[in-house]
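Structure first, commentary second.
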Amino acid sequence: MHAVAKSPAQSSRYSFPLTALTGVAALSLWAALASYSSAAPAISVIPNTRSGDLPVILVAGKVNGRNVVEVRTPTGRFKMKRGGAWVERGNDGAKFNFQETHRDDWSVYLVDNSRNMRLQIDIHRKLILFAVGNGPMQPLYNINHAIAGKVGGGGGGGKIGQAASSSVVHYSCNEGIPLVVRYENIGNRSRAFFSHDGLPEMRLDQIRSGSGAAYSNGRYTLQTKGRQAVLSWDGITDVCRQD
2 MHAVAKSPAQ
12 SSRYSFPLTA
22 LTGVAALSLW
32 AALASYSSAA
42 PAISVIPNTR
52 SGDLPVILVA
62 GKVNGRNVVE
72 VRTPTGRFKM
82 KRGGAWVERG
92 NDGAKFNFQE
102 THRDDWSVYL
112 VDNSRNMRLQ
122 IDIHRKLILF
132 AVGNGPMQPL
142 YNINHAIAGK
152 VGGGGGGGKI
162 GQAASSSVVH
172 YSCNEGIPLV
182 VRYENIGNRS
192 RAFFSHDGLP
202 EMRLDQIRSG
212 SGAAYSNGRY
222 TLQTKGRQAV
232 LSWDGITDVC
242 RQD
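In this note's numbering, the protein residues as written are 2 to 244.
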């Protein structure tokens with residue numbers, strides 16, 4: 002069995018300083034996207050790094066994914082506006098708009114539908130990550146500084162009034178390969194983010210299923226029932242059981 006790797010607010014201004022990691026190129030998000038979509042190799046802003054290799058650093062002070070309203074990077078800043086809107090302003094004057102979809106204890110999740118882009122502001126790991134479409138998240142910027150403030154009401158926080166929950170389940174698959182699935186429920190929508198054999202997360206949206214639950218992005222399909230999960234892609238099937 003081969004692993005996936007082988008198949009491919011009035012703001013209360015308390016804040017904490019964050020030390021930048023080395024090796025981050027001074028790219029704007031626009032430039033990063035341009036690099037991704039051009040003939041040049043895919044972006045690797047933090048070279049030779051997988052999600053699992055990044056340092057896990059506990060959130061300092063009171064800033065976390067639930068209350069962060071602004072983050073600063075070596076190339077600019079991301080700031081929350083009203084109605085769940087976020088704006089990226091680069092040091093070079095560039096400006097890009099995003100919409101918040103949801104939060105968890107560690108991160109804020111944004112989308113730019115006009116560019117088919119997803120963004121994750123990960124306070125826990127001090128990183129901003131991005132993905133195009135349903136592709137895997139890739140490190141883009143360090144976070145140098147983060148500010149907490151009031152979230153909700155007219156100040157942001159995504160779609161107000163929709164209950165959100167998330168859970169992480171660990172499975173062991175054929176040959177002992179680990180599968181980690183993060184299930185998210187927002188309102189009446191559900192999706193799953195999976196990491197197989199330590200690779201970066203990929204997003205799957207829930208699809209109709211006769212029994213149990215099923216998620217897919219067109220290439221990868223995850224079916225779950227009870228303590229069992231079956232991951233399929235490119236004609237390969239990996240059967241996994243919850244640890």
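Note that CB positions come from ideal geometry on N, CA and C, so glycine has one too.
Residue span of the beta strand (DSSP E) that contains residue i, given as start and end
i	result
Ile122	Met118 to Asp123
Trp87	Ala86 to Gly91
Asp64	Looking at the sequence itself, residue 64 is Val, so the reference to Asp does not match. Note, Val64: premise wrong, no beta strand (DSSP E); not H, not E.
Ser108	Ser108 to Asp113
Arg262	There is no way to answer for residue 262, as the model of the chain reaches only from 2 to 244.
Thr102	Lys96 to Arg104
Thr76	Per DSSP, Thr76 belongs to no beta strand (DSSP E) and is neither H nor E.
C-beta contact flag for residue i and residue j at 8 Å
i	j	result
Gln207	Tyr216	yes
Gly66	Asp106	yes
Gln243	Val170	yes
Arg192	Glu202	no
Ser196	Val181	yes
Asn175	Asp235	no
Gln139	Ala132	yes
Sequence-distant residues of the same chain with beta carbon closer than 8 Å to residue i, five excluded per side
i	result
Ala41	With a pLDDT of 30 at Ala41, under the threshold of 50, the modelled position of that residue is not reliable, and no figure is offered here.
Gly157	Unreliable placement is indicated for Gly157, whose pLDDT of 38 sits below 50; the coordinate value is still reported in the next sentence. For Gly157, where only same-chain residues beyond five positions count, the Cβ hits under 8 Å are Ala10, Val70, Met81, Lys82, Arg83, Gly84, Gly85, Ala86, Trp87 and Glu101.
Lys96	Val88, Glu89 and Arg90
Gly267	The question about residue 267 has no answer, for the chain in this structure spans 2 to 244.
Ser212	Lys226
Contact set for residue i: own chain, Cβ-Cβ below 6 Å, skip 5 residues either direction
i	result
Leu111	Trp87, Phe99, Glu101 and Leu120
Ile129	Ile122, Leu141 and Tyr142
Asn68	Ala149 and Val152
Ala214	Thr225
Contacts around residue i, its chain only, beta-carbon distance under 7 Å, and the 5 residues preceding and following it disregarded
i	result
Arg204	Asn135, Arg192, Phe194 and Asn218
Leu34	Legend: pLDDT at Leu34 = 46, less than 50; position of this residue unreliable, no value from coordinates given.
Asn92	Thr76 and Gly77
Ala27	With a pLDDT of 37 at Ala27, under the threshold of 50, the modelled position of that residue is not reliable, and no figure is offered here.
Any non-hydrogen atom of the ligand ZN closer than 7 Å to residue i Cβ
i	result
Tyr110	Absence of the ligand ZN is noted for the structure shown, with no ligands found whatsoever.
What are the uninterrupted segments assigned as beta strand (DSSP E) that are 3 or more residues long and contained completely in the stretch 210-240, given in chain order?
-> 214-217, 222-226 and 229-234
Within the stretch 125-208, ranges of the beta strand (DSSP E) (whole runs, at least 3 residues) | 128-133, 139-143, 146-149, 165-174, 179-187, 190-197 and 203-208
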